[in-house]
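Enquirer: Handing you a structure now.
Numbering (the working numbering), first residue to last: 132 to 283.
What follows is the structure in structure tokens.
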């Protein structure tokens with residue numbers, strides 16, 4: 132047997148299985164299976180949540196959540212209206228930001244979710260619907276999901 136032939140035969144025999152295990156691991160990692168309480172946002176194009184925190188409903192915070200929205204459209208957006216929904220058990224008392232956001236600027240939106248059952252460190256998922264009018268007068272609507280953790 133030549134030098135290296137055993138290693139070559141091993142790779143040829145089991146290489147496909149190793150590749151499949153690596154691919155499955157990458158898919159599971161990217162889908163968030165290994166970190167359910169990680170922060171992420173998806174589905175937003177021109178207005179994105181830059182930072183967010185979901186408040187635990189207790190005496191000090193009382194369920195107040197804050198979402199900072201970034202205008203990355205490259206133009207001012209008018210008549211911006213943001214509404215929220217989610218898989219939380221709470222009721223969204225404040226239905227979000229309304230107004231204009233200049234190009235490259237940020238707006239902070241504070242919302243109150245009453246009866247929120249979210250302990251410190253628990254995962255929270257909030258769906259947001261953002262509608263706006265561009266400088267050209269075109270009305271658009273974006274929907275997306277914000278995933279984060281509740282914190283006191």
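Here a beta-carbon is modelled for each residue, glycine too, at the ideal position from N, C-alpha and C.
What residues in its chain sit with their C-beta under 6 angstroms from that of residue 270, if we drop five residues either side in the sequence?
Expert: For the purposes of this step, residue 270 is taken as the residue at position 139 of the chain shown. Within the same chain, residue 270 has close Cβ partners 264.
Enquirer: For the putative contact between residue 242 and residue 227, defined by C-beta atoms under 8 angstroms, what is the C-beta separation to the nearest angstrom?
Expert: Stepping through the chain shown from its first residue, residue 242 is reached at position 111. Stepping through the chain shown from its first residue, residue 227 is reached at position 96. Indeed they touch by this definition, with Cβ atoms about 6 angstroms apart.
Enquirer: Output the distance between the C-alpha atoms of residue 234 and residue 177, rounded to the nearest integer angstrom.
Expert: To locate residue 234, count along the chain shown from 1; it is residue 103. To locate residue 177, count along the chain shown from 1; it is residue 46. Taking the straight line joining both Cα atoms gives about 10 angstroms.
Enquirer: By DSSP, does residue 169 sit in helix, in strand, or in coil?
Expert: Here residue 169 refers to the residue found at position 38 when the chain shown is read from its first residue. Correct three-state label for residue 169: coil.
Enquirer: Is residue 153 helix, strand or coil by DSSP?
Expert: The residue labelled residue 153 in the question sits at position 22 within the chain shown. DSSP places residue 153 in helix when its eight states are reduced to three.
Enquirer: For residue 142, count the other beta carbons within 10 Å of its own beta carbon; 16 or more makes it buried, fewer makes it exposed. Which is it?
Expert: Start at 1 with the first residue of the chain shown, and residue 142 comes out as number 11. Under this definition residue 142 is an exposed residue.
Enquirer: Going along the chain, which unbroken runs of the beta strand (DSSP E) with 3 or more residues stay wholly within the stretch 229–263?
Expert: The stretch 229–263 contains these whole beta strand (DSSP E) runs: 229–232 and 237–245.
Enquirer: Kindly give me the distance between the Cβ atoms of residue 261 and residue 278, rounded to whole angstroms, as I take these residues to be in contact under 8 angstroms.
Expert: The sequence position of residue 261 within the chain shown is 130, counting from 1. The sequence position of residue 278 within the chain shown is 147, counting from 1. 16 angstroms between Cβ atoms; not a contact.
Enquirer: Could you give the distance in angstroms between the alpha-carbon of residue 272 and the alpha-carbon of residue 172?
Expert: As a first step, residue 272 is located in the chain shown; it is residue number 141 there, counting from the start. As a first step, residue 172 is located in the chain shown; it is residue number 41 there, counting from the start. Cα to Cα, the separation comes out at about 16 angstroms.
Enquirer: What does residue 208 pair with, by DSSP beta-bridge criteria?
Expert: Counting from 1 along the chain shown, the entry for residue 208 is found at position 77. Per DSSP, 232.
Enquirer: Check whether the Cβ atoms of residue 232 and residue 202 sit closer than 8 angstroms, and answer yes or no.
Expert: For the purposes of this step, residue 232 is taken as the residue at position 101 of the chain shown. For the purposes of this step, residue 202 is taken as the residue at position 71 of the chain shown. Taking 8 angstroms as the Cβ cut-off, residue 232 and residue 202 qualify as a contacting pair.
Enquirer: Below 8 angstroms between beta carbons: does that hold for residue 274 and residue 258?
Expert: As a position in the chain shown, residue 274 is number 143, starting the count at 1. As a position in the chain shown, residue 258 is number 127, starting the count at 1. Yes; because the gap between Cβ atoms is below 8 angstroms, this pair is in contact.
Enquirer: Leaving out five residues on either side along the sequence, give the residues of the same chain with a beta carbon under 8 angstroms from the beta carbon of residue 282.
Expert: Here the question's residue 282 lines up with position 151 in the chain shown. 184, 185, 186, 187, 251 and 252.
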